[in-house]
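Protein sequences appear in the order of chains A and B. Last residue of the first sequence: 189 in the numbering used here, with the numbers rising by one and none dropped. Last residue of the second sequence: 189 in the numbering used here, with the numbers rising by one and none dropped.
There are 2 protein chains.
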Amino acid sequence: MNRTTGAVKGKRVVMVCGVPMDMANCPVRDVMDNIGGKWNSLMILSLAEGPLRFSQLRRLIPDISQRMLTQTLRDLQRDGYLSRTVYPTQPPSVEYSLTDLGRSFLVPLKLFVDWSLQNHDAIRKARAEYDAVA
Amino acid sequence: MNRTTGAVKGKRVVMVCGVPMDMANCPVRDVMDNIGGKWNSLMILSLAEGPLRFSQLRRLIPDISQRMLTQTLRDLQRDGYLSRTVYPTQPPSVEYSLTDLGRSFLVPLKLFVDWSLQNHDAIRKARAEYDAVA
DNA sequence: CCGTATCCGCCCCGATACTG
DNA sequence: CAGTATCGGGGCGGATACGG
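Following this line, the structure appears as structure tokens:
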């Protein structure tokens, strides 16, 4: 397999695992930016078992600020991971729930969570050893 | 299932998918910080098919700066994803290769890449629709 | 209850220049 | 070839206060 890189029609292309990746418009980078934020993946996981209201999410994730809760929900809604429905009560209540896209993302996300839980100790150990040398 | 949150022995615990998550020392957050960087996951993918030298990686990923290449490699080595071996030639050559930990991470990572490639269009579409309304 | 608006510190990352 | 050192912009995210 050829792993060289080059400019193809002015595009930066990186061969990774035999698949050409357009770095200028990279899907992986794009998705990673979405869920790589501090709260995004946790938000999706929190909604995995059913819809929740704004204040419920706030109580469920006590450490998040009101600002970041709003922003995270808006970003995830914008990218299609979740939907927002407003119930015209008094005072108003807003419910957030995963879309099909959001639910489908749970598959790789949960695998990632499992891996993290299984290998966290190994990582912490490696880190400690590295720091001990330095 | 109970999804309430609470202080357990002074720790912030969030119930997610039935699993209690300690937010103060969260493995998922820890791992996400490692590979959530701009170049980290791409670096691991680049080394998936075999060891590469510093300059080879530099050519393979043309957009990365020398500084970030060094830093990314050091961070990934520190957390145990890859190993660094120096060959005492003149001039010196340094080879980077995935460890067992790094290779095992390829499983969830590749699943994530596949999902990104499959759903990128849907995300871009959702984003366009959202922006059109606003 | 469900947000907005504003200010601001921090740190990621790029650019550039220099070493062994 | 394989790094290190230094500077600086920009954006993420926290704190706080205010609005419908």
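By construction, the Cβ of each residue, glycine as well, lies at the ideal position given by its N, Cα and C atoms. The structure presented is a predicted model; accordingly, all values stated were derived computationally and were not measured.
Pull the bridge partners of B:L172 from the DSSP assignment, please.
According to DSSP, B:L172 bridges with nothing at all.
Spatial neighbours of B:Q126 within its chain, please: C-beta separation below 8 Å, excluding the five flanking residues on both sides.
none
Under 7 Å (Cβ pairs) to chain A, residues found in the segment 165 to 185 of chain B
L166, F167, V168, W170, S171, L172, N174, H175, A177, I178, A181, R182 and Y185
Are there 16 or more other CB atoms within 10 angstroms of the CB of A:E184, so buried, or fewer, so exposed?
exposed
Going straight from the alpha carbon of A:S101 to that of B:G91, what length do you get?
20 Å
For B:Y48, which three-state DSSP category applies?
Residue 48 of chain B is absent from the structure shown; chain B starts at 56 and stops at 189.
Three-state secondary structure (DSSP) of A:T144
coil
Using a Cβ cut-off of 9 Å (strictly closer), state whether B:L115 contacts chain A.
yes
Measuring straight from C-alpha to C-alpha, what distance separates A:S96 and A:L164?
8 Å
Spatial distance of B:L128 from B:V68 (CA atoms):
33 Å
Classify A:G135 as buried or exposed, calling it buried when 16 or more other Cβ atoms lie within 10 Å of its own Cβ.
buried
Could you work out which residues of chain B lie near A:D85, taking near to mean beta carbons separated by less than 9 Å?
S171, H175, I178 and R179
Is any heavy atom in the ligand MN found nearer than 8 Å to the beta carbon of B:S138?
Because no ligand of any kind appears in the structure shown, any question about the ligand MN cannot be addressed here.
Three or more C-beta pairs under 8 Å: does that hold for the segment 117 to 124 of chain B against the segment 152 to 169 of chain B?
no
Of the choices A:F167, A:R179 and A:D186, whose alpha-carbon is the least far from that of B:N80?
A:R179
Counting only beta-carbon separations shorter than 9 Å, does B:Q218 have a partner in chain A?
This structure does not reach residue 218 of chain B, given that chain B is present from 56 up to 189, and the question cannot be answered.
Coarse secondary structure for B:R179, derived from DSSP in three states:
helix
What ranges does the beta strand (DSSP E) occupy inside the segment 75 to 151 of chain B, keeping only unbroken runs of at least 3 residues that lie completely in it?
137 to 142
Among B:D186, B:W94 and B:F109, which residue has its Cα nearest to the Cα of B:P147?
B:F109
Inter-residue Cα distance where the pair is B:V168 and B:V149
28 Å
In angstroms, rounded to a whole number, what distance separates the CA positions of B:P106 and A:S152?
44 Å
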